[in-house]
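A.B. asks: Pasting in a structure now, in structure tokens, and then I'll have a few things to ask.
Protein chains in written order, with the working numbering: chain A, 785 to 1225; chain B, 6 to 282.
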């Protein structure tokens, strides 16, 4: 490496002015094509509703010139500094520090999460945000089973979230069943739909699987919109019962939680209860997933992601293995959906659009496929970051997109890309992300 | 060597569209013996393998596997994973198919999936940490450790399989197939890409599998030194049909075999076959 790098550096340094000008010219040309329509022609509806437009070619010229000049500067800088790889961006000292942090990060995060309602008791906004983040952590962990472990790209995960939410909402409003009865039912129903989706798509792989799952997500949403008798259509379901503290309602009544326990009534009680409820559900998801990974079924999921043909040669029934992955992921989505319904008190199809699926998938990919801690961190970063950039208004998405691109350049396999082995003889060594496959669907 | 037959292939035919890859091929493999399937590139050897292990559905013919207990299983009617699960046929692949992102030990644990699945009460017992499953897992790790010792990979047990050297990956794939505790082990070019020393070690390993465990082996191989050393019976294929069959010595001296391998020039071919032995 030492023998090579000066040579390559000098090689790139000698790239002449014509090459720089050529790059700059190409960049300027691309900018011209893009900006001539985006900036060059301004259209607006006139006073009578007719189309009015005017041109702003001066602005385009300025932009193109800026791109041309900027390209030259960047090219010169690049030659001056020399080639930069991802390696040089992260100093080794920082890396070793990171691994030290990594060891204590998960317990520290858990303790902090447990204390959130204590620390932020008076700040309703932060509690609400924390509940939202935890909901996405749970969804991320649920989808992680399907995408991260089994390597099946599921773009319609929101469908199971919707099934769970509507299961609880309809059972609770129509039959008056309690949350604790409906919660497992919501999970079971979602898992059932997971199997139902699984059957026809098992033969599909990769892009095809992604498209079909995407369509499935949309179908569920459209059915909910159009089956007005059952679901209320676009009006949604309202008046969904709030969860009770194991039978004790969290309200201002005489036999409510506050009165029973001799406390002064506060609306925060319910928020804190919801917080611990979703935390418990999320931790259950995490615990089950961690356990499953160490069981034959979990190993079969990961083996399926690595090489499906080899799995079949070893006598693993790939059909049922895939179905269990779908069902398990869907079940956790269903739990999260039931929680969502009880927290909101009102659900409508608008809450279950493709954007939700994409967001949860982004959390899983950003976190590092298969990594539980990574998914939690990514959910915190995505949902928390979204709130953080709220002040930037419509630049929010831009900043957000930039951040994602940077993270993907810095860590292409997600925040925590390496894989922890599920069983070991002498010492558990993390497996580099370069070796771990993403699956082919 | 008129022993008991474990695998009998009867008039196996495999067509891909208009191309006949295997035509009316019949042969038998005996229990506790090494049967080699050889032939020039494109002779249809791997197709035969894929038919036996269920990755292809044969266009015609019958493949019968007889077990110790007298059961006879029609392999052409089973799916690929059922053949491994019920008929106890394990296989390796010409281009190694390990789980590269999993450790060496994990690879061997995945191979014991079906046994562990039953022990874990189809996950439910395992989830609550039942002692039944814990014992089964310990046993599975024990079996895996035994195989790691046999293939000399014990010190690499916790490394990612994808990080192993090529020869080690080949041996791990055999160990993984053996962890399914098969009655018939099908090896697709296990010596491909190995150097002379590694090939010799492989021969030794395969012979120990046959002698100590009594596993029958069906082998596709180009490396004549391995084939001639360990095979009890050789079937030679060319262009989808069987052209010769017999003991290593018979096959080596068969002019049709020599012609198939190196055109018509017999003397040159004899030199290759002799040199390999």
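Backbone N, C-alpha and C define an ideal beta-carbon position, used for all residues, glycine too.
Taking the beta carbon of residue 870 of chain A as the centre, do at least 16 other beta carbons fall within 10 Å, making it buried, or is it exposed?
C.D. replies: Position 86 of the first chain, counted from the first residue, corresponds to residue 870 of chain A. In this predicted model, residue 870 of chain A has a pLDDT of only 47, less than 50, meaning its place in the structure is not dependable enough to derive any value.
A.B. asks: If the cut is a Cβ gap below 9 Å, which residues of chain A does residue 209 of chain B touch?
C.D. replies: Translated into the one-based positions of the second chain, residue 209 of chain B becomes position 204. None at all; the shortest Cβ gap to chain A is about 24 Å.
A.B. asks: Helix, strand or coil for residue 1219 of chain A, going by three-state DSSP, please let me know.
C.D. replies: Reading the first chain from its first residue, position 435 is the one you call residue 1219 of chain A. If DSSP states are grouped into helix, strand and coil, residue 1219 of chain A belongs with coil.
A.B. asks: DSSP state of residue 251 of chain B, grouped into three classes?
C.D. replies: In the second chain, counting from the first residue as 1, residue 251 of chain B sits at position 246. Residue 251 of chain B: strand per DSSP, three-state reduction.
A.B. asks: Examine chain B for any beta-carbon lying closer than 8 Å to the beta-carbon of residue 1211 of chain A, and answer yes or no.
C.D. replies: Mapped onto the first chain, residue 1211 of chain A falls at position 427. It does; some Cβ of chain B falls within 8 Å.
A.B. asks: Which residues in chain A sit within 8 Å of residue 146 of chain B, going by Cβ to Cβ distance?
C.D. replies: Locating residue 146 of chain B in the second chain gives position 141, where the first residue counts as 1. Per Cβ cutoff of 8 Å: 1207 and 1209.
A.B. asks: State yes or no: is the beta carbon of residue 107 of chain B nearer than 8 Å to at least one beta carbon in chain A?
C.D. replies: For this step, residue 107 of chain B is matched to residue 102 along the second chain. Yes, contact with chain A.
A.B. asks: Taking only beta carbons into account, state which residues of the stretch 1080-1111 of chain A come closer than 7 Å to chain B, listed in chain order.
C.D. replies: Within the stretch 1080-1111 of chain A, the residues whose Cβ lies closer than 7 Å to some Cβ of chain B are 1080, 1081, 1083, 1084, 1086, 1087, 1090, 1091, 1093, 1094, 1096, 1097, 1098, 1099, 1100, 1101 and 1102, listed in chain order.
A.B. asks: Could you give the distance in angstroms between the alpha-carbon of residue 1094 of chain A and the alpha-carbon of residue 255 of chain B?
C.D. replies: The residue you call residue 1094 of chain A lines up with position 310 of the first chain. The residue you call residue 255 of chain B lines up with position 250 of the second chain. When rounded, the distance between both Cα atoms is 36 Å.
A.B. asks: With a cut-off of 8 Å, does the C-beta of residue 1219 of chain A fall near any C-beta of chain B?
C.D. replies: The count along the first chain starts at 1 and reaches residue 1219 of chain A at position 435. Taking Cβ atoms only, chain B reaches closer than 8 Å to residue 1219 of chain A, which makes this a yes.
A.B. asks: I'd like to know if residue 170 of chain B contacts chain A, where contact means its C-beta is closer than 8 Å to some C-beta of that chain.
C.D. replies: The residue given as residue 170 of chain B occupies position 165 in the second chain. So, not an interface residue.
A.B. asks: Inspect the beta-carbon positions of residue 212 of chain B and residue 156 of chain B and report whether they are closer than 8 Å.
C.D. replies: Counted from its first residue, the second chain places residue 212 of chain B at position 207. Counted from its first residue, the second chain places residue 156 of chain B at position 151. Contact flag unset, no.
A.B. asks: Under 8 Å Cβ-Cβ, which residues of chain A neighbour residue 163 of chain B?
C.D. replies: Residue 163 of chain B sits at position 158 when you count from the first residue of the second chain. Under the 8 Å cutoff, chain A gives 1205, 1208, 1209, 1210, 1211, 1212 and 1213.
A.B. asks: Using a threshold of 8 Å, state whether the C-beta atoms of residue 1079 of chain A and residue 128 of chain B are closer than that.
C.D. replies: Numbered from 1 along the first chain, position 295 holds the residue referred to as residue 1079 of chain A. Numbered from 1 along the second chain, position 123 holds the residue referred to as residue 128 of chain B. Going by C-beta atoms, residue 1079 of chain A is nearer than 8 Å to residue 128 of chain B.
A.B. asks: Which stretch, first to last residue, makes up the beta strand (DSSP E) that contains residue 11 of chain B?
C.D. replies: Looking up residue 11 of chain B in the second chain gives position 6. It spans 10-21 - the beta strand (DSSP E) in which residue 11 of chain B sits, taken as one unbroken run.
A.B. asks: Beta-carbon within less than 7 Å of residue 970 of chain A's beta-carbon, same chain only, minus the 5 sequence neighbours each way: which residues are those?
C.D. replies: For the purposes of this step, residue 970 of chain A is taken as the residue at position 186 of the first chain. Answer for residue 970 of chain A: 948, 951, 952, 1118, 1119, 1121 and 1122, listed in chain order.
A.B. asks: Taking C-beta pairs closer than 7 Å, name the residues in chain A that residue 197 of chain B reaches, listed in chain order.
C.D. replies: In the second chain, residue 197 of chain B corresponds to position 192, counting from 1. Here the premise fails: no neighbours, minimum Cβ distance about 17 Å.
A.B. asks: If we count Cβ pairs, one from each stretch, closer than 8 Å, do we get three or more for the stretch 993-1001 of chain A versus the stretch 928-943 of chain A?
C.D. replies: Enough Cβ pairs lie closer than 8 Å, so yes.
A.B. asks: Does residue 40 of chain B come out as helix, strand or coil in the three-state DSSP assignment?
C.D. replies: For the purposes of this step, residue 40 of chain B is taken as the residue at position 35 of the second chain. If DSSP states are grouped into helix, strand and coil, residue 40 of chain B belongs with the strands.
A.B. asks: May I have the straight-line CA-CA distance separating residue 19 of chain B from residue 221 of chain B, to the nearest angstrom?
C.D. replies: For the purposes of this step, residue 19 of chain B is taken as residue 14 along the second chain, with counting starting at 1. For the purposes of this step, residue 221 of chain B is taken as residue 216 along the second chain, with counting starting at 1. Near 24 Å, if we compare the C-alpha coordinates of residue 221 of chain B and residue 19 of chain B.
A.B. asks: Apply the 10 Å Cβ neighbour rule to residue 872 of chain A and answer buried if 16 or more other Cβ atoms are within range, or exposed otherwise.
C.D. replies: Here residue 872 of chain A refers to the residue found at position 88 when the first chain is read from its first residue. Any answer about residue 872 of chain A is weak, because its pLDDT of 48 lies below 50 and its placement is not dependable; what the coordinates show is given next. Looking at its Cβ environment, which holds fewer than 16 other Cβ atoms inside 10 Å, residue 872 of chain A is exposed.
A.B. asks: Taking 8 Å as the cut-off, decide whether the C-beta atoms of residue 986 of chain A and residue 1105 of chain A are in contact.
C.D. replies: Walking along the first chain from the start, residue 986 of chain A turns up at place 202. Walking along the first chain from the start, residue 1105 of chain A turns up at place 321. Not in contact: residue 986 of chain A and residue 1105 of chain A (Cβ atoms no closer than 8 Å).
A.B. asks: Measuring straight from C-alpha to C-alpha, what distance separates residue 1247 of chain A and residue 904 of chain A?
C.D. replies: Given a span of 785 to 1225 for chain A in the structure shown, any question on residue 1247 of chain A remains unanswerable.
A.B. asks: Would you identify the three-state DSSP class for residue 114 of chain B, choosing helix, strand or coil?
C.D. replies: On the second chain, residue 114 of chain B is found 109 positions in, with the first residue counted as 1. In this structure, residue 114 of chain B counts as helix in the three-state DSSP scheme.
A.B. asks: Could you please give the first and the last residue of the uninterrupted alpha helix (DSSP H) stretch that includes residue 1001 of chain A?
C.D. replies: As a first step, residue 1001 of chain A must be located in the first chain, where it is residue number 217. That run of the alpha helix (DSSP H) goes 990-1010.
A.B. asks: Which one of B:195, B:214, B:247 and B:243 has the shortest CA to CA distance from residue 229 of chain B?
C.D. replies: If you number the second chain from 1, residue 229 of chain B lands on position 224. Nearest option by C-alpha distance: B:195.
A.B. asks: Using only CA atoms, which one of B:69, B:43, B:27 and B:52 lies nearest to residue 9 of chain B?
C.D. replies: The sequence position of residue 9 of chain B within the second chain is 4, counting from 1. If we check each option's Cα against that of residue 9 of chain B, B:69 comes out closest.
A.B. asks: Going by C-alpha distance, which of A:1183, A:1206 and A:1162 is nearest residue 919 of chain A?
C.D. replies: On the first chain, residue 919 of chain A is found 135 positions in, with the first residue counted as 1. Comparing Cα-Cα distances from residue 919 of chain A to each of A:1183, A:1206 and A:1162, the minimum goes to A:1162.
A.B. asks: According to DSSP, what are the bridge partners of residue 946 of chain A?
C.D. replies: Within the first chain, residue 946 of chain A is the residue found at index 162, counting from 1. The partner list for residue 946 of chain A (beta bridge, DSSP) is empty, contrary to what the question assumes.
A.B. asks: Using a C-beta cutoff of 8 Å, does residue 1075 of chain A count as contacting chain B?
C.D. replies: As a first step, residue 1075 of chain A must be located in the first chain, where it is residue number 291. Cβ-Cβ to chain B under 8 Å: yes for residue 1075 of chain A.
A.B. asks: In three-state DSSP terms, what is residue 1033 of chain A?
C.D. replies: Walking along the first chain from the start, residue 1033 of chain A turns up at place 249. Three-state DSSP puts residue 1033 of chain A in a strand.
A.B. asks: Given that residue 115 of chain B touches chain A, what residues does it touch there, using C-beta distances under 7 Å?
C.D. replies: Translated into the one-based positions of the second chain, residue 115 of chain B becomes position 110. Within chain A, the residues near residue 115 of chain B are 1083, 1084, 1087 and 1098.
A.B. asks: Are the stretch 1147-1156 of chain A and the stretch 1199-1209 of chain A in contact at 8 Å, needing three or more beta carbon pairs?
C.D. replies: The stretch 1147-1156 of chain A is in contact with the stretch 1199-1209 of chain A.
A.B. asks: Residue 125 of chain B versus chain A: which residues are under 7 Å apart at the beta carbon?
C.D. replies: For the purposes of this step, residue 125 of chain B is identified with residue 120 of the second chain, where counting begins at 1. Residues of chain A passing the Cβ test: 1079 and 1080.
A.B. asks: Go through the stretch 1043-1131 of chain A residue by residue and report every complete run of the beta strand (DSSP E) that reaches 3 residues or more, in order.
C.D. replies: Complete beta strand (DSSP E) runs here, min 3: none at all.
A.B. asks: Name the DSSP beta bridge partners of residue 191 of chain B, please?
C.D. replies: For the purposes of this step, residue 191 of chain B is identified with residue 186 of the second chain, where counting begins at 1. In DSSP, residue 191 of chain B forms a bridge with B:96 and B:223.
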